[in-house]
Each structure stands twice: as C-alpha cells, then as structure tokens.
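Chemist:
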Amino acid sequence: GAVVSQHPSWVICKSGTSVKIECRSLDFQATTMFWYRQFPKKSLMLMATSNEGSKATYEQGVEKDKFLINHASLTLSTLTVTSAHPEDSSFYICSVYRNLEAFFGQGTRLTVV
Amino acid sequence: GENVEQHPSTLSVQEGDSAVIKCTYSDSASNYFPWYKQELGKRPQLIIDIRSNVGEKKDQRIAVTLNKTAKHFSLHITETQPEDSAVYFCAASRGGNEKLTFGTGTRLTIIP
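Those protein sequences? They're chains A and B, same order as listed.
Note that the numbering used here has the first sequence beginning at 350, numbered continuously upward.
Note that the numbering used here has the second sequence beginning at 2, numbered continuously upward.
(1) For E6 (chain B) and T107 (chain B), what's the separation of their Cα atoms in angstroms?
(2) Which residues in the same chain as T457 (chain A) place their Cβ atom closer than 8 Å to its Cβ, once the five residues preceding and following it in sequence are excluded?
(3) Report the three-state DSSP secondary structure of P83 (chain B) (helix, strand or coil).
(4) Do you know how far the Cα of V445 (chain A) is from the Cα of K23 (chain B)?
(5) Could you tell me the boundaries of the beta strand (DSSP E) in which E450 (chain A) lies?
(6) Once you ignore the five residues that flank L395 (chain A) on each side, which residues in its own chain have a CB closer than 7 Å to its CB?
(7) Check for me: the beta strand (DSSP E) holding A405 (chain A) runs from which residue to which?
(8) Given P389 (chain A), which residues of its chain have a CB within under 6 Å of its CB, disregarding the five upstream and five downstream residues?
(9) What does I442 (chain A) touch in chain B if you count any residue whose Cβ is under 7 Å from its own?
(10) Using 10 angstroms around the beta-carbon of K391 (chain A), count the other beta-carbons present and answer buried if the total reaches 16, otherwise exposed.
(11) Using only the alpha-carbon positions, how far apart do F377 (chain A) and R447 (chain A) sit?
(12) Starting from Q455 (chain A), find everything on chain B with Cβ-Cβ shorter than 7 Å and list it in chain order.
(13) Residues of chain A with a CB under 7 Å from the CB of N98 (chain B): which are they?
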C-alpha cells in the first residue's frame, strides 16, 4: 500500500497567490520529510529537508521566505509556495524514508498563470 | 556536496536486447545507491538499490553493480520489454535517512 500521500495532485493558481501542498506519511511517523522540485524533462532537485518540530533546512539557492515549510506533526509536512509566479510552475514531490527506503508522494503539478 | 552524473541521457534498444545506464558520484561518504523508474507525470518508483557493502545485486532482469573505488555504479536491464520504456534516475546518499542526490536521468526507449 501507499506509504506517503501528497495532495493536491495538480493545482492551477493565479500569479501572486499562494498555494499549499500537503505531504502525509501513512501509518508511521516521519520526523524528516524531503521536498523536491522537478522541471519538465529534468531531474529531481532537493529544495529542503523538513524536520518535525524545528526549522526546515533549505538547499542553496532556494528562497526560504518563498517556499514555506511547516512540519508540525510527525505525519504531516506542508510546502507553501508564496506569491507564486509562472517560473514556479513545476512538479513538486515529497519523500519520506521507511526502513531505510525512500518513498515518494504522488507529486503535485503546479501551474501558475 | 554530492554530485551525481548519469549517462547516457537517451538510450534506444531493440526489444530483447540489454540496456546499460551508468552513474558516477563524487562524495566518498555516499553508501546508498538506488535506481528509480519514472513514467510521465508519476512519482519515481524504486526498481533496485545497492549499498556499499556489496558489489552487485540482481533482481530478475535487473542488476546493479557498484565500484566504490572508482565511484561509479551501473544499471543493467536484460531482455528488455516495451514496458521498460521510461525515464530512469540513479541517486546517491550517505545512507540512513539522508537526502538523495539524483542523476540527470536517462530516457530509455524500447523499440518493438
């Protein structure tokens, strides 16, 4: 069965608005979750590491004030894209580890118009 | 930080032939090397992985080899089938629950 669930699967928003993406671990607790971004025909690039109860760790070049991460519980991490612009249009995927194996959410296709 | 290079970027093989994809990594502390298959618009799916305490691992038509001295690892798919067509990514991490660094991907096309 699924290990991690991500919602929504796709979203279209207007430029300047904010979008929240949820990542839930199913039936187990995840103190750490990872957020990746994938542009068309490109690889997955790590954006940030979400840590339960503490601040996220952002990769170099990722704006922490633009991509807000909240990991308020052991089963839920959220990524909020603030003031979205067309260049933020991408495929966002979360990931968690269980038993030393990485599992991925379904991904969220964000289109900013 | 870790840097993972992957070759080739595209690969076309006749159905039934073998396909080989190669990756190199830079971080000598990396010890976990998974391979993922990703279909368009879908999440990556783990197809095989290898840890640094072994040099080779096989699962039916799929095998992975690891050379830690040279810092490279390879994916081998034998008896390819049309359903093997997809994008394949290698990745590396320091193990445990550490972040993954992905290769650039290989688009594999199986020609019927």
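Virtual Cβ for every residue (Gly too), placed ideally from N, Cα, C.
Note that this is a predicted model, so its numbers are computed, not measured.
Modeler: Considering the structure as presented:
(1) 11 Å
(2) Q355, H356, P357, S358, W359, V360, I370, F440, Y441 and I442
(3) helix
(4) 26 Å
(5) E450 to F453
(6) F383, Y385 and E408
(7) Where A405 (chain A) is concerned, there is no enclosing beta strand (DSSP E), given that its DSSP letter is neither H nor E.
(8) none
(9) R44
(10) exposed
(11) 8 Å
(12) R44
(13) T381 and Y446
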